[in-house]
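Line by line, the protein sequences give chains A and B. Counting from 1, position 197 in the first sequence corresponds to residue 197 in this note's numbering; the numbering is continuous, with no gaps. So the number in this note's numbering is just where the residue sits in the second sequence, counting from 1, plus 1000. We put the CB at the ideal spot given by N, CA and C, even for glycine. None of the values given here were measured: they were computed from a predicted structure.
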Amino acid sequence: MNDAAIPGNGEYKWVGKRTIRPDGVDKVTGRAAYGADFSLPGMLYGAVLRSPHAHARILKIDTSKAEALKGVKAVITAADWPEIPASEATKGTAPVNFQHLSDNLMARKKVLYDGHGVAAVAATSLAIAKRAAKLIEVEYEVLPHVIDVLEASKPDAPLLHDDLYTSGLDEKPAKPSNLARKVAFGIGDIDAGFKAADAVIEREYTTKPVHQGYIEPSACVANMSEDGTSTVWSSSQGQYMIRQYCAGLLEVPASNIRVTPAEIGGGFGGKTTVWLEPHALLLSKKAGHPVQMTMTRDEGFRAYGPTSGAWMKIKIGAKKDGTIVAGQAEYMFQAGAYAGSPVQLACMCGFTPYDIPNVESIGYDVVVNRPKATAYRAPGAPIGAYGIASALDELARELKIDPMEMRLKNAAKQGTKTSYGPTLGVVGNIETMTAAKEHPHYSAPLGENQGRGVASGFWFNVGGETSVAVSLLEDGTVMVTSGSPDIGGSRASLCSMAAEVLGTDVKNVKAIIADTSSLAYNRHTGGSRVTFAAGIVVIEATRDIVQQLRERAAMIWDIDVDAVVWEEGEARPAGPNAGEFEPLTLADIAGKTIETGGPIGARRSKNVQAPGPAFGTHIVDVEVDRETGHVKILRYTAVQDVGKAVHPSYVEGQIQGGAAQGIGWALNEEYIYDEKGRMENPGFLDYRIPVASDLPMIEAVMVEVANPTHPFGVRGVGEVPIIPPMAAIANAIEDAIGVRMKDLPMSPPKVLAAIDAAG
Amino acid sequence: MATVILNREIARQFTDGATEIDVVSDNIRAVIRELDARFPGVGAVLRHDMAVAIDGEIYQDVLLEPVGPNSEVAFIPAIEGG
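Here it is, written out as structure tokens:
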């Protein structure tokens, strides 16, 4: 269990205050250095040749013409990568299948999707590298492909892997298929539950695959010397992850690789794995020069990081008074070319906002000819919530119960047994639903063709391996060194927490994100973990600093350390019996470190546990244009239990950003494929994410139900806000025009077609 | 005694469908050993890619976390976020 709460009853000097953003000046002035901003003398530029086919056998690769081009220094194919057998796919603590990861980055025998990498080139300019890539001759045997998840599940579907047998079944299947895995969760007696219901809704829903849409494409510089010592500068969600994955893929010692994190221009889960770093390292090794690689937007869409599209069937039963007695979900998620969609998390999250005695959730992980699914904010949960919160809304309408009343009547709370196993501890689900219901938005009048929708979401949050250092500098200022890339304001929150424990002005505390040689391992930034987990470790390290400060003061005063207290940033005598001494500030003690024992610093490494889950409820008003099918977001309110908002501005930004991404997922975003399985819209002109003019100001309402496992009550906040928007908007559209949208995105052509179909 | 919660898939494979099992062990490693002794093979499954929720709080990759005499210990899949 984590350390004790810090007194303050939720009110603190720095924690909870909107202090100046430490990353702000560099970002607005353009000084912030992102992945593509690094350069080294003699640096080469890399480019990747990608498959134009959705599914094909590689018969031959001839790189001779590319290698002969002037300026080309190295060409690599899968033959240059260590071949990782299935028996060695798992390595150490890495949560990844290295065989799949390797094959996904550089196709070995087959290409499995449009954009699958087959070779890479390093040259003296990017133009030469791209020209050389085009000179590589690849002979393919084109194979039938399958992208739709239901089609891929059929027995006669084109087979991606001839050694893939469905796991999770009673018996190993006789034949391979595209069904990688079945998962199941449940509680109670589902059949008895539905028998007891007075009303039952059963619906099918589909979602399209979407991309995280980070604005900064991944980029890196890698330099491998003759003895194998390597340095990587990279934009990612985890420099230690980059080191761990590169070491595993290239079969080199982790100690050979040092990774320096760049500022990151958005990740949202899409940068929780390696994309270009192994290529750059191999090219650097072969060429004897550093190599820079930057993902193009086209590559980002076609090859890197989208999440699953899905089909689902949802069935919910309730009594006449609105009491839900049974909930059932069946999900099929696109995994992409290799197993590992977030279907399991959809099964676990979907019904968790509700206290339902009988639940069954079954999920299938299905491989298809798309890039491998990568995490995207609360992986899986938004998809499940879309179906469940849509069906729940229809059930409320059938029972003529206000949709928020229906949710409140069935809201999960402390003591609720979840369908995935645990009993909930201290959570703020009812509090967020109540705050939403009591918000003026929920009772504001609506006009013609306008409607209101609500939906709720749940996410576990994550802790994990975390290492930090806190140092008292020579002038009494303080440095916090974190190993977790700052995506959502963690430098600010860590400074605030350290300042609070030290009792010093937050301006005296700075935080930096260190390279992999500076600290022990850190799990990547993801799962809404850093302010919670790194915060706990920083608090522990800072408490250690405080103890050292008391010891130094005791030494200076020549009294017992128990006679020294640390208050308001100063060492003071504990009482009259301790003696009369002038208080010693941080600067006073920092000025005497040489004579009192040397530098003052503390390092902590910990696998932080018990993150405390979070819930959110959103309200949205839409107006539907019956002539065009366009859905306009009129008003949006996102209510979330944040535990304790250490820096409210960043927390609001997380909530607003998550809601905006969910709105895009709901209304416009989708991968569109041609008949050959090639993506037709790999760019922001045709893959339309929301822009500022599409959205009203999203009001973020922060409910603070303190997480008892964090000294300041912090809960993770980054994942939950993307969960409710799709269902909330679907519910609002039905409220506006009486049409239920069961297929995402709810884009103008689909809405118009649904209006026409409804007559 | 603490109560262990297993999901239905694990229960189907190892415990004849029982999803709630009382144990006397006082930390996670001992709980897994006790379960493996009673239901051979389940230990390897619980050690691989699983987390535990002790009284509702999720712990990942732990062995020595204490388990109280009346605790609820739910084995759940390991969770990775975005």
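Exposure of residue i, with buried meaning 16 or more beta-carbon neighbours within 10 Å
{"i": "B:Gly1041", "result": "exposed"}
{"i": "B:Leu1064", "result": "exposed"}
{"i": "A:Asn780", "result": "Given that chain A is displayed from residue 1 to residue 759, the structure contains no residue 780 of chain A and the question cannot be resolved."}
{"i": "A:Val142", "result": "exposed"}
{"i": "A:Met726", "result": "buried"}
{"i": "B:Arg1038", "result": "exposed"}
{"i": "A:Lys417", "result": "buried"}
{"i": "A:Val343", "result": "buried"}
{"i": "A:Leu685", "result": "exposed"}
{"i": "A:Gln547", "result": "exposed"}
{"i": "A:Leu59", "result": "exposed"}
Nearest residue (CA-CA) to residue i, options the options
{"i": "A:Phe194", "options": "A:Gly616, A:Leu282, A:Pro357", "result": "A:Pro357"}
{"i": "A:Asp163", "options": "A:Thr628, A:Pro173, A:Asp156", "result": "A:Pro173"}
{"i": "A:Val138", "options": "A:Val259, A:Asp62, A:Glu330, A:Val564", "result": "A:Asp62"}
{"i": "A:Glu734", "options": "A:Met241, A:Gly451, A:Gly428", "result": "A:Gly451"}
{"i": "A:Val368", "options": "A:His630, A:Cys347, A:Gly336, A:Val343", "result": "A:Gly336"}
{"i": "A:Glu704", "options": "A:Thr596, A:Glu670, A:Val530, A:Thr432", "result": "A:Thr432"}
{"i": "A:Ala120", "options": "A:Lys130, A:Val210, A:Ala666", "result": "A:Lys130"}
{"i": "A:Arg18", "options": "A:Tyr650, A:Ala700, A:Val739", "result": "A:Tyr650"}
{"i": "A:Gln640", "options": "A:His618, A:Ile383, A:Pro261", "result": "A:His618"}
{"i": "A:Tyr214", "options": "A:Thr272, A:Ala196, A:Val183", "result": "A:Thr272"}
{"i": "A:Ser471", "options": "A:Pro599, A:Ala385, A:Thr352, A:Gly387", "result": "A:Pro599"}
{"i": "A:Val646", "options": "A:Thr504, A:Tyr245, A:Glu500", "result": "A:Glu500"}
{"i": "A:Pro52", "options": "A:Ser693, A:Gly677, A:Met741", "result": "A:Gly677"}
CB contact below 7 Å: residue i versus chain A
{"i": "B:Arg1008", "result": "yes"}
{"i": "B:Ile1076", "result": "yes"}
{"i": "B:Gly1081", "result": "yes"}
{"i": "B:Glu998", "result": "Any property of residue 998 of chain B remains undetermined from this structure, which presents chain B solely from 1001 to 1082."}
{"i": "B:Ala1018", "result": "no"}
{"i": "B:Gly1056", "result": "yes"}
{"i": "B:Ile1021", "result": "no"}
{"i": "B:Ala1030", "result": "no"}
{"i": "B:Ala1053", "result": "yes"}
Boundaries of the beta strand (DSSP E) in which residue i is found, first to last residue
{"i": "A:Ser456", "result": "450-459"}
{"i": "B:Ala1053", "result": "1050-1054"}
{"i": "A:Met433", "result": "Per DSSP, A:Met433 belongs to no beta strand (DSSP E); it is in the alpha helix (DSSP H), 429-438."}
{"i": "A:Thr531", "result": "A:Thr531 -> not in any beta strand (DSSP E); alpha helix (DSSP H) instead, spanning 530-557."}
{"i": "A:Ser482", "result": "478-482"}
{"i": "B:Ile1058", "result": "1057-1060"}
{"i": "B:Asp1085", "result": "Not covered by the structure: residue 1085 of chain B. The range shown for chain B is 1001 to 1082."}
{"i": "A:Tyr331", "result": "324-336"}
{"i": "B:Leu1046", "result": "Premise fails: B:Leu1046 lies in the alpha helix (DSSP H), 1042-1047, not in any beta strand (DSSP E)."}
{"i": "A:Phe98", "result": "From DSSP, A:Phe98 is part of no beta strand (DSSP E) but of the alpha helix (DSSP H) over 98-105."}
{"i": "A:Ser361", "result": "359-367"}
{"i": "A:Gly186", "result": "179-187"}
Endpoints, alpha helix (DSSP H) assigned at residue i
{"i": "A:Lys750", "result": "748-758"}
{"i": "A:Asn607", "result": "It is not in any alpha helix (DSSP H) - A:Asn607 instead sits in the beta strand (DSSP E) that spans 601-608."}
{"i": "A:Glu465", "result": "First-last for A:Glu465: 464-472, but that is the beta strand (DSSP E), not the alpha helix (DSSP H)."}
{"i": "A:Gly248", "result": "239-250"}
{"i": "A:Val28", "result": "24-29"}
{"i": "A:Arg302", "result": "297-303"}
{"i": "A:Pro403", "result": "403-409"}
Within-7 Å CB hit, residue i to chain B
{"i": "A:Val462", "result": "yes"}
{"i": "A:Lys610", "result": "Correcting the residue identity first, residue 610 of chain A is Ala in this sequence and not Lys. True, the Cβ-Cβ gap to chain B drops below 7 Å."}
{"i": "A:Thr423", "result": "yes"}
{"i": "A:Gln344", "result": "yes"}
{"i": "A:Gly527", "result": "yes"}
{"i": "A:Tyr420", "result": "yes"}
{"i": "A:Ala184", "result": "yes"}
{"i": "A:Ala129", "result": "no"}
{"i": "A:Phe268", "result": "yes"}
{"i": "A:Pro721", "result": "no"}
{"i": "A:Ala375", "result": "yes"}
Could you tell me which whole beta strand (DSSP E) segments of length 3 or greater appear in the stretch 204-234 of chain A?
Complete beta strand (DSSP E) runs here, min 3: 219-224, 230-234.
At 3 residues or longer, and completely inside the stretch 574-650 of chain A: list those beta strand (DSSP E) runs for me, N to C.
601-608, 614-624, 631-641
So within the stretch 488-536 of chain A, which uninterrupted beta strand (DSSP E) runs reach at least 3 residues, ignoring any that extend past its ends?
509-513
What are the uninterrupted segments assigned as alpha helix (DSSP H) that are 4 or more residues long and contained completely in the stretch 63-95 of chain A, given in chain order?
64-68
4-residue-minimum alpha helix (DSSP H) runs that sit fully inside the stretch 254-312 of chain A, ordered along the chain:
277-287, 297-303
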